[in-house]
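Written out below as structure tokens is the structure these notes cover.
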Amino acid sequence: MADRLARMLTADGTIRGVAVVTTTLCDDARVRHGTFPTATAALGRALTSALLLAATGKRDERLSLEFAGNGPLRGILAEATPEGTARGFAYRPKTDVPPRNGKLDVGGALGAGQLCVMRVPLEGGAMYRSIVPLVSGEIGIDIATYLTQSAQIPSAVGVGVLVGSDGGVMAAGGYLLQGMPGAEPEALDRLTTRIEQAPSPSELVRTGHGPVEILGLLLAEHPARVLEERDVRFECRCSPAKVRGAIIAMGTGEIAALLDEGKPAEATCEFCNTAYAVEEPELRALLDSLVEPGHGSDA
Ligand SMILES: [Zn+2]
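The sequence shown begins at 34 in this note's numbering and counts up by one.
Printed below as a string of structure tokens:
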């Protein structure tokens, strides 16, 4: 089952849904960061949630979720765009705690703390930011509570990551269902019952359900149409050019010191764990470009 996202709306316009399959994306995140199983599940659930929320936002904004807790994992940062890209990391990727009730104990790993939701316009402008206490630290319930109580949109969220005995991600995905203005409370109650009786998101993905099938199963009694389908993937915005910019920002003194020590300038992107090294010739060229004499002096 390929990583893919779908958005649907019921024919009467009262319920909207987003579902996503993120198996490859979550395993990509695991490999990049070397996460242990509990951290793999926590990061995967957060990345999946970020994609679901980003799909309900504006076209030109980035969605950011920061979970901070007092448990051994400490926190997770996950970002997603409406284009279906996501990136993120766990503060302590080597976190693994004993299972609880036969499941990976993400809530225990995260502990008590808070969730910060940010919508950041890509072209500048006012940023939306909301901070709420964590309900359980299990991610899905925290997002649903934030949406229902803070954003005042009745919402159900399910996110899940199935980690295999070898530590790899076997299946991952999630869904978000929201009652829109005009939705009947009874219809939302029946939907809630249906969600409670349905298999978990990772089980739905494991048994071959794509995002449209997941929404079709949950919205069973409501005729609905697909508004959009798109691929999703782990993708970072870091680049060698941005690393050069960061080195320039260090200033000429620091760059000269590195050259004196004969060391390359090294930087690792925390979002994707890509390591960058700028070697001596390029470092010297950067330094020369910064200390060029007569720069603007005749203006
Ligand atoms: Zn990166």
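Ideal Cβ placement from N, Cα and C applies to all residues, glycine included.
Going by beta carbon distance, what residues of the same chain come within less than 7 Å of LEU221, once the five residues before and after it are set aside? PRO187, GLY212
Whole angstroms are fine: how far does the CA of VAL168 sit from the CA of ILE174? 7 Å
Under the rule that 16 or more other beta-carbon atoms within 10 Å means buried, what is PRO166, buried or exposed? Burial call: exposed.
Just reading off the alpha helix (DSSP H) that THR81 is part of, what are its end residues? 70 to 87
Using the C-alpha atoms, what's the distance from GLN185 back to GLU287? 50 Å
Go ahead and pull the three-state DSSP assignment for TYR161. Of the three classes helix, strand and coil, the one that applies to TYR161 here is strand, per DSSP.
Could you tell me the distance, in whole angstroms, from the CA atom of LEU110 to the CA atom of PRO131? 23 Å
Could you name the residues whose beta carbon sits closer than 6 Å to any heavy atom belonging to ligand 1, keeping them in chain order? CYS269, CYS271, CYS302, PHE304, CYS305, THR307
Burial state of ASP36 (16 or more Cβ within 10 Å): buried
For THR114, count neighbouring Cβ atoms within 10 angstroms of its own Cβ and tell me buried if that reaches 16, exposed if not. buried
For the beta strand (DSSP E) containing GLN185, name the first residue and the last one. Counting along the chain, GLN185 falls outside any beta strand (DSSP E), and DSSP gives it neither H nor E.
If you count every other CB in all the chains shown that lies within 10 Å of the CB of GLY207, and 16 or more means buried, which is it? buried
Cutting at 7 Å between CB atoms, please list the residues of its own chain near ASP331, excluding the five before and the five after it. For ASP331, the predicted model reports a pLDDT of 46, less than 50, meaning its position is unreliable and no value from the coordinates is stated.
Selected residue, minimal CA-CA separation from PRO273, among THR57, TYR124, VAL311, TYR161: VAL311
Taking Cβ to Cβ, would you say VAL202 is nearer than 9 Å to ASP60? yes
Is it right to say PRO256 is buried, meaning 16 or more other beta carbons lie within 10 angstroms of its own, or is it exposed? exposed
Beta-carbon contacts of ASP129 that lie in its chain and below 6 Å, excluding the five residues immediately before and after: PHE69, PRO70, THR71
Rounded to whole angstroms, what's the CA-CA distance from LEU42 to ARG258? Just pull it up for me. A direct Cα-Cα distance of roughly 6 Å separates LEU42 from ARG258.
Would you check if the distance between the CB atom of ILE228 and the CB atom of LEU210 is smaller than 9 Å? Cβ distance < 9 Å, so ILE228 and LEU210 count as in contact.
Enumerate in chain order the residues of its own chain whose CB-to-CB distance from ALA44 is below 6 Å, with the five nearest sequence positions on each side excluded. Cβ contact annotation for ALA44 (same chain, cutoff 6 Å, sequence separation greater than five): PRO256, in chain order.
Could you tell me the boundaries of the beta strand (DSSP E) in which ALA298 lies? 298 to 301
My output table needs one value for ASP321: the three-state DSSP class, helix, strand or coil. helix
Going by DSSP, name the residue or residues bridged to LYS136. Its beta-bridge partners are ARG133.
Since ASP61 is in the beta strand (DSSP E), which residue starts that stretch and which ends it? Run containing ASP61: none in the beta strand (DSSP E); it sits in the alpha helix (DSSP H), 56 to 66.
In angstroms, rounded to a whole number, what distance separates the CA positions of PRO314 and CYS271? 22 Å
Skipping 5 residues on each side, what residues in its chain have a beta carbon closer than 7 Å to that of ARG317? LEU292
Return the first residue and the last residue of the beta strand (DSSP E) that THR118 is part of. 118 to 123
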